[in-house]
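At position 350 of the sequence shown (counting the first as 1) the number is 350 in the UniProt record's numbering, and the numbers step up by one without a gap. Just below is one structure, and these are the notes that go with it.
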Amino acid sequence: MAALNSLPNELLTIVAENLERPKDVANLALASRRLNEFAKLDGWKAFLKGRFKLSGYADATDAKEAVHGIATLYRNWDRKSFLARYLVPTTTTSLNTWETSRWRGLGGPQTMGYQPSIDSYEETFGRWTERREVLAWSAGNQIMLRIKESGRKSLEAWEEYGARANSTEPTDAAHSSISPPFDLYKHLTSWCTYEIPHTFAGMDDITALKLFRPHQRLDHFESVAFGTASGHLNVLHIDADGEKTRRHCFETGHRPVGALSLSCAASPLMAVSCRDFDSALSLYPIDPSHTGHNRINPVSQVIPTAPGAQHSRIWSCNFLAEDRVAIGLGTSYEPIQVYSVTPSGFSAQPLRKFCLDSKFWGEERPALYGPRNTAIYPIMPLPAASPGSSESGDVFVSGGYDGIVRLHDMRSNQDYETMFWDITNDSSIYSIATQGLERIVAGSSMHSMLKVFDLRVSGSNAYHHIPLSARRKPAANSGDASIGDAVLPGNKSPVTGGWNLYCNPCNNQQSFRNPQQRFTARSQNVPIYSLSIPSSTSPTVYAGVEGAVLGIEFTAILDPHPDPLFTKAITRFSDTGEIDLKGSYNPSDDVLNLGMYEQGDEEALG
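Take a look at the structure:
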């Protein structure tokens, strides 16, 4: 039998791809000089590819740093270690006038805050710390846009800023009042705002918003699609360096826009739901080079039929793949419908409908009651790299009025494969995001509550299935638990790994230095309207509540070796060398004090 250190690199790469922990790669490197060289050159890259489905790190040192970063991120999620803040810009540039000024808030006579629609994405450029993140959200009839860059460019800008600040040259008074373009972690940050011309807050509020991804952009433009409650549907192309914008308008018939989605193609299509007497689903082509001023008409339109309901309302729409669009309806006993996208437009009939009769787990519903109507709000495809998922968008999750997150598979004849259920709170699910390959984050309709469900461990969620027998399944006193078609052994108890986070802060409002933060902290019982996670390796979750957006950063303030993305914030006491926690992570007293608790399991129901 060949010794491990005598295997060719091709086989060692396969071994490294199947290791479970970074410590395993480190131990492999200690076994012999040859294995040490392999680990340095290829071991960490193979581990990243096999364990986390990450590639693109050509340099071995960068791959090792990425392993450190991703392992730290996963550990912080497991430990529920994070910092949460309201996102409040200091200095903004108006995309309408290109004037830069200190941020003074949105203002306006509104009696309640706006309902933000959020989208974000992140690019990584060959190193863990070389990133560019774009975040956009709707704020009434305005769009807030933030671009954040870390890595070499940010470091050079910080050094240049420090040299300029230490110089004795006189400073222009207009620029001296402008805050430095860096966040707490010394990442280069720029804020922009855009107000839709000739509109009014409260009447023309933005109801749906999506960012174009890097492969869909035209040259160096940032592009965002948005729709409003008054029927405006636009795509805005932004050239911040050239200080110019282009806006393309689309025809909606003055119907309110409810939801929109962009396909993943390089030349994307846009699916839009418009509300009137009945909701209609429309398909629009997008041509960034379009120069005409005429409104662009849809190439296809369909009005879904909601079985069991007099009128149909589309709550959400999302591209599962380039040729499939899923919609969430309500109320109906078939609240999820998937349409094919053909060269001529939408298919006349749904490719598939999903029935979700969820309240009778393990038993048949009495015939006299008929099928149960419910509504589905968000729909989100799982990443293609997730276990059991596919490139063709067959696997997706949905959030319902009944407070249940379901996992669906187009390849299965079942209406849903898995249900994630929080026994302590059954408020409706308004928003969903996927964190990496392992978690689902859901926003509920009450108490500003985030729910986190774990996809990895069989006992980390309440899985259910409907057996063939009409008889209700008896309680498993032995500790066995049914999980789909599998059964947990009796020596393993199905303890949930889910947890809930209240996003309404317990801070004394007078502790907030910024008046905008005091306003956003008022509401105690508001929904999580929207969620966004920029990428599978991003440490941040963005949550939209009434009148505000929270940034939840997963980092551990007591970690002696934190994620490299956050190390620039660390300051130490000069006498002891210990980390100054407040000076490093909360110098502006803006970290939120949030409550949280673990979800229970089904045994607690009695």
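Backbone N, C-alpha and C fix where the C-beta goes; we use that ideal spot for every residue, glycine too.
Beta-bridge partners of residue i, as assigned by DSSP
i           : result
residue 552 : 84, 541
residue 449 : 502
residue 194 : 143
residue 149 : 132, 188
residue 337 : 327, 353
residue 319 : 325
residue 345 : 342
residue 568 : DSSP lists no partner for residue 568.
residue 209 : 226
Helix, strand or coil at residue i [DSSP, three-state]
i           : result
residue 124 : strand
residue 411 : coil
residue 594 : coil
residue 458 : Bear in mind that the predicted position of residue 458 carries a pLDDT of just 46, short of 50, making it unreliable; the figure below should be weighed with that in mind. Here residue 458 sits in helix by DSSP.
residue 229 : coil
residue 27  : helix
residue 251 : coil
residue 164 : helix
residue 70  : helix
residue 156 : helix
residue 43  : helix
residue 583 : helix
residue 93  : strand
residue 65  : helix
residue 294 : coil
residue 263 : coil
residue 77  : helix
residue 49  : helix
residue 35  : helix
residue 441 : strand
residue 60  : helix
residue 237 : strand
residue 257 : strand
residue 403 : coil
residue 302 : strand
Cβ-based burial, residue i [other Cβ within 10 Å; buried from 16]
i           : result
residue 41  : exposed
residue 133 : buried
residue 270 : buried
residue 592 : buried
residue 380 : buried
residue 286 : buried
residue 112 : exposed
residue 306 : buried
residue 2   : exposed
residue 337 : buried
residue 449 : buried
residue 14  : exposed
residue 419 : buried
residue 576 : exposed
residue 506 : exposed
residue 291 : exposed
residue 318 : buried
residue 254 : exposed
residue 408 : buried
residue 126 : exposed
residue 546 : buried
residue 413 : exposed
residue 104 : exposed
residue 599 : buried
residue 343 : exposed
Beta-carbon separation (whole angstroms), residue i vs residue j, contact threshold 8 Å
i           : j           : result
residue 62  : residue 128 : 7 Å
residue 333 : residue 302 : Wrong, their Cβ atoms sit about 20 Å apart, outside the cutoff.
residue 77  : residue 64  : Wrong, their Cβ atoms sit about 21 Å apart, outside the cutoff.
residue 234 : residue 247 : 5 Å
residue 256 : residue 229 : 5 Å
residue 71  : residue 22  : 5 Å
residue 498 : residue 452 : 6 Å
residue 141 : residue 201 : 5 Å
residue 375 : residue 316 : With a Cβ gap of about 10 Å, residue 375 and residue 316 do not count as contacting.
residue 187 : residue 564 : Residue 187 to residue 564, Cβ: 12 Å. No contact.
Below-8 Å beta-carbon distance, residue i vs any chain D residue
i           : result
residue 160 : Checking the listed chains, one finds no chain D in this structure; it contains a single protein chain.
Check your understanding: Is the region 393-408 touching the region 422-438 in the sense that three or more CB pairs, one from each, lie closer than 8 Å?
Key -> yes
Practice item. For the region 559-569 and the region 89-96, state whether three or more C-beta atom pairs, one from each stretch, are separated by less than 8 Å. Key: Because the criterion of three Cβ pairs below 8 Å is not met, the region 559-569 and the region 89-96 do not touch.
Exercise for review: Evaluate contact between the region 92-107 and the region 21-33, counting only Cβ atoms and requiring at least three cross-stretch pairs below 8 Å.
Suggested key: no
Review point. Is the region 212-223 close to the region 271-278, with three or more CB pairs under 8 Å?
Key: no
Review point. On the three-pair Cβ rule with 8 Å, is the region 64-83 touching the region 138-154?
Key: no
**Study point:** At least 3 beta-carbon pairs within less than 8 Å: the region 526-540 vs the region 432-444
**Key:** yes
**Study point:** Segment contact flag, the region 582-596 with the region 196-213, C-beta cutoff 8 Å, min 3 pairs
**Key:** no
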